[in-house]
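Written below as structure tokens is the structure these notes are about.
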Amino acid sequence: MMYEQLDDRKLPELPCLNPSHQRIDPVEWTRERQNLLELLASNVYGLMPDPPLDLQASYQLADQPVFDGLGLHSRILLTVPTPAGPFSFPFDLLLPAGSQRVPLTVHIAFSPDIPDRYLPAEDILRRGFAIANLYYEDIVPDRPDGLSEGLAACYDAVNRGRDGCGAIGYWAWAASRILDWLQTHSRVNSARIAVAGHSRLGKTALWCAANDPRFSLVFSNDSGCSGAAITREKAGERIADITKTFPYWFCPAYSDYADKEADMPFDQHFLLASIAPRFLYVASAMDDEWADPVSELLGCAAASPVWERFGQAGLITDGSIPTKPVAWHEGSIGYHLRPGGHALKPEDWMQFLDFRQRHLI
Numbered sequence: 048m049m050y051e052q053l054d055d056r057k058l059p060e061l062p063c064l065n066p067s068h069q070r071i072d073p074v075e076w077t078r079e080r081q082n083l084l085e086l087l088a089s090n091v092y093g094l095m096p097d098p099p100l101d102l103q104a105s106y107q108l109a110d111q112p113v114f115d116g117l118g119l120h121s122r123i124l125l126t127v128p129t130p131a132g133p134f135s136f137p138f139d140l141l142l143p144a145g146s147q148r149v150p151l152t153v154h155i156a157f158s159p160d161i162p163d164r165y166l167p168a169e170d171i172l173r174r175g176f177a178i179a180n181l182y183y184e185d186i187v188p189d190r191p192d193g194l195s196e197g198l199a200a201c202y203d204a205v206n207r208g209r210d211g212c213g214a215i216g217y218w219a220w221a222a223s224r225i226l227d228w229l230q231t232h233s234r235v236n237s238a239r240i241a242v243a244g245h246s247r248l249g250k251t252a253l254w255c256a257a258n259d260p261r262f263s264l265v266f267s268n269d270s271g272c273s274g275a276a277i278t279r280e281k282a283g284e285r286i287a288d289i290t291k292t293f294p295y296w297f298c299p300a301y302s303d304y305a306d307k308e309a310d311m312p313f314d315q316h317f318l319l320a321s322i323a324p325r326f327l328y329v330a331s332a333m334d335d336e337w338a339d340p341v342s343e344l345l346g347c348a349a350a351s352p353v354w355e356r357f358g359q360a361g362l363i364t365d366g367s368i369p370t371k372p373v374a375w376h377e378g379s380i381g382y383h384l385r386p387g388g389h390a391l392k393p394e395d396w397m398q399f400l401d402f403r404q405r406h407l408i
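Numbering (the working numbering), first residue to last: 48 to 408.
Shown next as structure tokens:
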């Protein structure tokens, strides 16, 4: 059973789950949540830059009809000040034609193409949702020397310290700048903006939402190691694997825990818990052994008590480790497991949108 497996992982307890308090005080939670973020920043993802004091935007394309008039496509160039001078990056905005104050997802994307194999844009628009598509390599290139270019170069990332920001942090930071701009858009419902990503960008989406409480929910698909999955006794990819192959995604200090997961004063349920009491959606694939769907589900289960201390339902399941596809959408933590391998499929998007519509988020 799920909770027996969770007990076997011997996870560090979330500091906010004090047995003497049955409810979390919102004011106290602000401080406790910040402590969680500082712990994760110092040991995993690195310290992100502060939000900019200024943001400029210009349209490169405005309200061009797409999909036989179903949607309107705009391309916006954002410019932010940095220590090295202005840095600019584009993103694409797709709105359902004729709509007002629509819910939107900021999709941190592997491709600038719309549609793309990971972005069924027409299907999403047809459901009444808007999309802001951010191509992640427009921010920092995803390669070992990538921190010497793009936004990371503006912060001299090649000379960073042990807690210096990794690529995941810069990608997440850029997604929040899109949210800055969307807050002023009259056709977007600023209270119903999600951030989403797959795989390494699922990790990015989680870190983005954890740091930016303006996102009402996050969709993490197959994020695995250093994402939604519990690290202790995880199958598939481990810290030693990920920090050897992709050290630039994280702060240098993270590699200290390679093959020493039991020494960590945290685990990934700390990351998921920091999103509470907002909505969290995690998706897994049955054959994605490298990400380890069981550990992704256990991450949700371990974080769930925080939502419950807010008086909300967290993860609602039948208590089993599923061996066939499931979709659990009742609580503030949604989860589904689908057949197949490591990918972001249209059915993943549709399950996520079902969750959004169920909870009106």
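We put the CB at the ideal spot given by N, CA and C, even for glycine.
Report task. Consult DSSP for His-389 and reduce its assignment to one of helix, strand or coil. Result -> Against the sequence shown, residue 389 aligns to sequence position 342. Of the three classes helix, strand and coil, the one that applies to His-389 here is coil, per DSSP.
Next on the checklist: At the level of alpha carbons, what is the spacing between Cys-347 and Leu-125?
Outcome noted: Residue numbering aside, residue 347 sits at position 300 when the sequence shown is read from its first letter. Residue numbering aside, residue 125 sits at position 78 when the sequence shown is read from its first letter. When rounded, the distance between both Cα atoms is 34 Å.
Beta-carbon proximity check, Cys-246 vs Asp-269, cutoff 8 Å = Translated into positions along the sequence shown, residue 246 becomes position 199. Translated into positions along the sequence shown, residue 269 becomes position 222. It is worth fixing the name first, because residue 246 is Ser in this sequence and not Cys. The Cβ atoms of Ser-246 and Asp-269 sit closer than 8 Å to each other.
Below 7 Å CB to CB, which residues in the same chain sit around Pro-191 once its five sequence neighbours on both sides are set aside? Position 144 of the sequence shown, counting from 1, holds the residue named residue 191. For Pro-191, where only same-chain residues beyond five positions count, the Cβ hits under 7 Å are Tyr-295.
- Query: Using the C-alpha atoms, what's the distance from Arg-174 back to Val-113?
  - Reply: Within the sequence shown, numbered from 1, the residue matching residue 113 stands at position 66. Within the sequence shown, numbered from 1, the residue matching residue 174 stands at position 127. Val-113 and Arg-174: Cα-Cα distance of roughly 15 Å.
Starting from the C-beta of Pro-150, find all residues in its chain whose C-beta is less than 6 Å away, skip the five residues before and the five after it, and write them out in chain order. For this step, residue 150 is matched to residue 103 along the sequence shown. Only Phe-176, Asn-236 and Arg-239 meet the Cβ criterion.
Considering just the uninterrupted stretch of the alpha helix (DSSP H) at Ile-289, what are its terminal residues?
Within the sequence shown, numbered from 1, the residue matching residue 289 stands at position 242. Segment 286–292, the alpha helix (DSSP H) holding Ile-289.
Check: If you check the beta carbons only, do Gly-378 and Gly-361 fall under 8 Å apart?
Finding: Here residue 378 refers to the residue found at position 331 when the sequence shown is read from its first residue. Here residue 361 refers to the residue found at position 314 when the sequence shown is read from its first residue. For Gly-378 and Gly-361, yes; Cβs fall inside 8 Å.
Problem - Three-way DSSP call (helix, strand, coil) for Phe-399 in this model - result: Looking up residue 399 in the sequence shown gives position 352. Per DSSP, reduced to three states, the secondary structure at Phe-399 is helical.
### Task
Look up Ala-330 in the DSSP assignment and give the residues it is bridged to.
Residue mapping note: residue 330 aligns to position 283 of the sequence shown, counting from 1. Asn-268 and His-383.
Q: Count the CB pairs spanning the stretch 367–383 and the stretch 349–358 that are closer than 8 Å, and state whether there are at least three.
A: yes
Practice item. Using three-state DSSP, classify Tyr-182 as helix, strand or coil. Key: Working through the sequence shown from its first residue, we reach residue 182 at position 135. In the structure shown, Tyr-182 sits in a strand (DSSP, three-state: E or B).
### Message
Does the structure place the stretch 52–62 close enough to the stretch 264–284 that three or more beta carbon pairs sit under 8 Å?
### Response
yes
Within the chosen definition, does the stretch 386–400 reach the stretch 325–338 through at least 3 CB pairs nearer than 8 Å? Output reads yes: the stretch 325–338 touches the stretch 386–400.
Would you call the stretch 66–86 and the stretch 101–111 in contact, with 3 or more CB pairs under 8 Å?
-> no
Endpoints, the alpha helix (DSSP H) within which Ala-219 is located: As a working note, residue 219 is residue 172 in the sequence shown. Residues 214–229.
#### Entry: Given Cys-153 as reference, the closest of Leu-253, Gln-81 and Met-95 once Cα atoms are compared
Counting from one through the sequence shown, the residue named residue 153 turns up at place 106. The amino acid occupying residue 153 in the given sequence is Val; Cys does not appear at that position. Proximity to Val-153 across Leu-253, Gln-81 and Met-95 peaks at Leu-253, based on C-alpha coordinates.
Check your understanding: Is there contact here, the stretch 363–374 with the stretch 213–228, by at least three beta-carbon pairs under 8 Å?
Key -> no
Inset, instruction - Pick helix, strand or coil for Pro-73, following the three-state DSSP scheme. - result: Position 26 of the sequence shown, counted from the start, is the residue given in the question as residue 73. Looking at Pro-73 - three-state DSSP - the assignment turns out to be helix.
Report the three-state DSSP secondary structure of Phe-138 (helix, strand or coil).
Here residue 138 corresponds to residue number 91 of the sequence shown, with the count starting at 1. Phe-138 falls in the strand class under three-state DSSP.
For Arg-80 and Asp-303, the rounded distance between their alpha carbons
Locating residue 303 in the sequence shown gives position 256, where the first residue counts as 1. Locating residue 80 in the sequence shown gives position 33, where the first residue counts as 1. For Asp-303 and Arg-80, the distance between alpha carbons rounds to 24 Å.
Just the C-alpha distance for Thr-129 and Ser-89, rounded to the nearest angstrom, thanks. Locating residue 129 in the sequence shown gives position 82, counting from the first residue. Locating residue 89 in the sequence shown gives position 42, counting from the first residue. So the two alpha carbons sit approximately 22 Å from each other.
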